[in-house]
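Undergrad: Please see the structure below; I have some questions.
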Amino acid sequence: MDDRARLRADFVAGAGWGDARESLLAGDASFRKYFRLRRANGTAVVMDAPPPQEDVRPFVRIARHLLGLGLSAPEILAEDAGRGFLLLEDLGDDTFAHVLDRGGDEAALYACATDVLVALHAAPDHGLLPDIGAYEGEALIEAAILLPEWYLAAATGRPTPADAFDAYRAAWRACLAALPPLAPALLLRDYHKDNLLWLPDRPGVKACGLLDFQDAQRGHPSYDLVSLIEDARRDVLPSVHEACLARYIAQTGLDGADFRTGFALMAAQRHARVIGLFIRLWKRDGKPVYLQHLPRVWRLFERALRHDALAPLRCWVDRLLPPPLRRVGVP
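The sequence shown begins at 7 in my numbering and counts up by one.
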């Protein structure tokens, strides 16, 4: 047993679960690992997030906020922030991805997840939003810089020149200047099929379990809806896509044209970032598995670029990444 495992065992015992059997549940792209504890009268999940690389406190804060709104984040059963451990309610294994793979009702699942966003954005933030990072303006642009930094470099076979970066940033600033003003909302950031759990025995929005929200920030309210219905790794039925957009607009009472403009801008930003990210994962990290999704993400990106508000960015893409260069890395 290594030092980290011993610390985890001490934490589990102190939380009253020392008699449980432990099994690795999952790891992710960070240093975090998750373990399921099983004993005769139930299960729980341990988040092992070693400091200084990880910090469990943002997860705790967002989880308590979500729970306070009546949403299905995992209950926190025990915590040791100093050593990087949390004992969490076990919400099960039925991610939306697994349920959909088994033939689950796509329209019902996505409608429920949309309703969660409506409820989240309508609720008071209890002072949370001013204290978390803003995913707006220059932060959006710098996150999307992965497109020229990695994809354009791979497409041309040479480092991207400074003037291409400058033109890209200028195009984005022009696009974002046309963004209709809407009050910022809490963004969970990775709101998609792999981080949502189907809990059909719970009523209403509680039927959608929430995971992986520790990187939450504030930003445009369409961002998480983009993550949900323009998934980089799964085709969403066009009818479901439009139904979710219309459902969110109807339930929030927002101006439909303004919201759809913001949606197109957030979609373009997310897809530009993901296209560059998938190339970086291949070139730098030796993970080519994500390349299979590039054609889908390019289709989504091109669709977003057709919106009039994206004209400056569309011109940059058409000039530096014409259609023949949009198949780099495609298997």
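Ideal Cβ positions, reconstructed from N, Cα and C, are used throughout, including at glycine.
(1) Can you round the beta-carbon distance between VAL334 and ALA161 to whole angstroms, since I take them to be within the 8 Å contact cut?
(2) Just to confirm my understanding: we take ALA222, look at its own chain, exclude 5 residues before and 5 after, and list those with CB closer than 8 Å. What are they?
(3) Relative to the C-alpha of ALA170, which residue among LEU158, CYS181 and ARG179 is closest?
(4) Which one of LYS199, ALA125, THR166 and ALA55 has the shortest CA to CA distance from ASP100?
(5) When you compare only the Cα positions, how much space is there between ARG10 and ARG38?
(6) For LEU153 and ALA278, I'd like the C-alpha separation in whole angstroms.
(7) Roughly how many angstroms separate the alpha carbons of GLY215 and VAL51, rounded to a whole number?
(8) When the Cα of GLU206 is compared with those of LEU115, ARG290, ARG12 and ARG332, which residue comes out closest?
(9) Start and end of the alpha helix (DSSP H) containing TRP322?
(10) How about LEU97 and LEU231: are their beta carbons less than 9 Å apart?
(11) In chain order, what residues of the same chain lie with their CB nearer than 6 Å to the CB of ALA84, ignoring the 5 residues before and after it?
(12) By alpha-carbon positions, which one of GLU144, SER233 and PRO328 ends up nearest to VAL280?
(13) GLU81 by DSSP, collapsed to three states: which one?
(14) Look up CYS214 in the DSSP assignment and give the residues it is bridged to.
(15) For the alpha helix (DSSP H) containing LEU182, name the first residue and the last one.
(16) Quick one: Cα of GLN275 to Cα of ALA150, how far?
(17) According to DSSP, which residues form a beta bridge with GLU28?
(18) Using the three-state DSSP reduction, which class does VAL52 fall into: helix, strand or coil?
(19) Below 8 Å CB to CB, which residues in the same chain sit around ALA17 once its five sequence neighbours on both sides are set aside?
(20) Please report the straight-line C-alpha distance between GLU155 and ALA26, rounded to a whole angstrom.
(21) Comparing alpha-carbon positions, which option in LEU331, SER78 and ASP264 lies nearest ASN201?
(22) CA-CA distance, GLU142 and ALA129?
(23) Kindly provide the ranges of any alpha helix (DSSP H) runs that are 4 or more residues long and lie completely inside the stretch 91-178, ordered along the chain.
(24) Measuring CB to CB, does PRO227 end up less than 9 Å from THR258?
(25) From ARG266, GLU95 and PRO328, pick the residue whose C-alpha is nearest to that of GLY48; which is it?
(26) If you follow the beta strand (DSSP E) that GLY225 is in, where does it begin and where does it stop?
(27) Any chance you could list the alpha helix (DSSP H) runs of at least 4 consecutive residues sitting entirely within the stretch 270-313, in chain order?
(28) Suppose the cutoff is 8 Å on Cβ atoms and the five residues either side in sequence are ignored; what does the same chain contact list for PRO190 look like?
(29) How many angstroms separate the CA atom of PHE102 from the CA atom of ALA238?
(30) Please specify which runs of the alpha helix (DSSP H), each continuous and at least 4 residues long, are wholly inside the stretch 218-264, giving them in chain order.
(31) What do you reckon, are the CB atoms on ILE147 and LEU185 nearer than 9 Å?
(32) Got a sec, what are the start and stop residues for the beta strand (DSSP E) LEU191 sits in?
(33) Expressed to the nearest angstrom, what Euclidean distance is found between the alpha-carbon atoms of PRO301 and GLU248?
(34) What did DSSP end up calling ASP196 once you bin it into helix, strand or coil?
(35) Quick check: the Cα distance between LEU338 and ASP172, rounded to an integer number of angstroms?
TA: By the coordinates alone:
(1) For the purposes of this step, residue 334 is identified with residue 328 of the sequence shown, where counting begins at 1. For the purposes of this step, residue 161 is identified with residue 155 of the sequence shown, where counting begins at 1. Between ALA161 and VAL334 the Cβ distance is about 5 Å, and since that is below 8 Å, they are a contact.
(2) In the sequence shown, the residue the question calls residue 222 occupies position 216. The residues are PRO64, ILE68, ILE138, LEU192, LEU193, LEU194 and ARG195.
(3) What you label residue 170 is simply residue 164 of the sequence shown in a count that begins at 1. Of the candidates LEU158, CYS181 and ARG179, the residue whose Cα lies closest to the Cα of ALA170 is LEU158.
(4) Along the sequence shown, one-based indexing puts residue 100 at 94. Nearest of LYS199, ALA125, THR166 and ALA55 to ASP100, Cα basis: LYS199.
(5) Counting from one through the sequence shown, the residue named residue 10 turns up at place 4. Counting from one through the sequence shown, the residue named residue 38 turns up at place 32. Each residue's alpha carbon lies about 12 Å from the other.
(6) Reading the sequence shown from its first residue, position 147 is the one you call residue 153. Reading the sequence shown from its first residue, position 272 is the one you call residue 278. Linking LEU153 to ALA278 through their CA atoms gives a straight-line distance of about 6 Å.
(7) Taking the first residue of the sequence shown as position 1, residue 215 is located at position 209. Taking the first residue of the sequence shown as position 1, residue 51 is located at position 45. So the two alpha carbons sit approximately 14 Å from each other.
(8) Locating residue 206 in the sequence shown gives position 200, counting from the first residue. A quick correction: the sequence has Pro, not Glu, at residue 206. That would be LEU115, whose Cα lies nearest to the Cα of PRO206.
(9) Residue 322 sits at position 316 when you count from the first residue of the sequence shown. Looking at the DSSP string, the run of the alpha helix (DSSP H) that includes TRP322 is 317-326.
(10) Locating residue 97 in the sequence shown gives position 91, counting from the first residue. Locating residue 231 in the sequence shown gives position 225, counting from the first residue. In this structure, LEU231 does not lie closer than 9 Å to LEU97 by Cβ.
(11) Along the sequence shown, read from residue 1 onward, the residue named residue 84 stands at position 78. Within its own chain, the residues whose Cβ lies closer than 6 Å to the Cβ of ALA84, once the five positions on either side in sequence are excluded, are ALA21 and LEU93, listed in chain order.
(12) For the purposes of this step, residue 280 is taken as the residue at position 274 of the sequence shown. Across the set GLU144, SER233 and PRO328, the C-alpha of SER233 shows the shortest separation from the C-alpha of VAL280.
(13) Against the sequence shown, residue 81 aligns to sequence position 75. DSSP places GLU81 in coil when its eight states are reduced to three.
(14) Indexing the sequence shown from 1 puts residue 214 at position 208. Note: CYS214 sits in a beta bridge opposite TRP204.
(15) The count along the sequence shown starts at 1 and reaches residue 182 at position 176. In the DSSP assignment, LEU182 falls within the alpha helix (DSSP H) that extends over 168-183.
(16) Numbered from its first residue, the sequence shown carries residue 275 at position 269. Numbered from its first residue, the sequence shown carries residue 150 at position 144. Looking at the two C-alpha atoms, the distance is approximately 6 Å.
(17) Residue mapping note: residue 28 aligns to position 22 of the sequence shown, counting from 1. Its beta-bridge partners are LEU43.
(18) Counting from one through the sequence shown, the residue named residue 52 turns up at place 46. Residue state for VAL52 is assigned as strand, using DSSP reduced to three classes.
(19) Translated into positions along the sequence shown, residue 17 becomes position 11. Looking at the sequence provided, one finds Phe at residue 17 rather than Ala. Within the same chain, VAL52, ALA84, ASP86, ARG89, PHE91 and LEU93 come within 8 Å of PHE17 by CB-CB distance, once the 5 residues on both sides are set aside.
(20) Here residue 155 corresponds to residue number 149 of the sequence shown, with the count starting at 1. Here residue 26 corresponds to residue number 20 of the sequence shown, with the count starting at 1. Distance between GLU155 and ALA26, taken at the CA atoms: about 47 Å.
(21) Counting from one through the sequence shown, the residue named residue 201 turns up at place 195. For the residues LEU331, SER78 and ASP264, the minimum Cα distance to ASN201 belongs to SER78.
(22) Counted from its first residue, the sequence shown places residue 142 at position 136. Counted from its first residue, the sequence shown places residue 129 at position 123. CA-CA distance, GLU142 to ALA129, rounds to 21 Å.
(23) For the stretch 91-178, the continuous alpha helix (DSSP H) assignments of 4+ residues that do not extend past its boundaries occur at 102-107, 112-128, 144-149 and 159-162, in sequence order.
(24) As a working note, residue 227 is residue 221 in the sequence shown. As a working note, residue 258 is residue 252 in the sequence shown. Yes.
(25) Position 42 of the sequence shown holds residue 48. Closest by alpha carbon: GLU95.
(26) To locate residue 225, count along the sequence shown from 1; it is residue 219. Segment 223-225, the beta strand (DSSP E) holding GLY225.
(27) Qualifying alpha helix (DSSP H) stretches, in chain order: 300-311.
(28) Sequence index remark: in the sequence shown, residue 190 carries index 184 (1-based). In the same chain as PRO190, and ignoring 5 residues on each side of it, the C-beta atoms closer than 8 Å to its own belong to LEU135, ALA140, GLU142, ARG224, GLY225, HIS226 and PRO227, in chain order.
(29) Along the sequence shown, read from residue 1 onward, the residue named residue 102 stands at position 96. Along the sequence shown, read from residue 1 onward, the residue named residue 238 stands at position 232. One C-alpha to the other measures close to 15 Å.
(30) At a cut-off of 4 residues, the continuous stretches assigned as alpha helix (DSSP H) that sit fully inside the stretch 218-264 are 229-235 and 244-258.
(31) For the purposes of this step, residue 147 is identified with residue 141 of the sequence shown, where counting begins at 1. For the purposes of this step, residue 185 is identified with residue 179 of the sequence shown, where counting begins at 1. Not a contact, by the Cβ cut-off of 9 Å.
(32) Here residue 191 refers to the residue found at position 185 when the sequence shown is read from its first residue. Correcting the residue identity first, residue 191 is Ala in this sequence and not Leu. Segment 191-193, the beta strand (DSSP E) holding ALA191.
(33) The residue labelled residue 301 in the question sits at position 295 within the sequence shown. The residue labelled residue 248 in the question sits at position 242 within the sequence shown. Rounded to whole angstroms, PRO301 to GLU248 spans 21 Å at the Cα level.
(34) For the purposes of this step, residue 196 is identified with residue 190 of the sequence shown, where counting begins at 1. In the structure shown, ASP196 sits in coil (DSSP, three-state: anything other than H, G, I, E or B).
(35) Outside the shown range of the chain, which is 7 to 337, sits residue 338, and nothing can be said about it.
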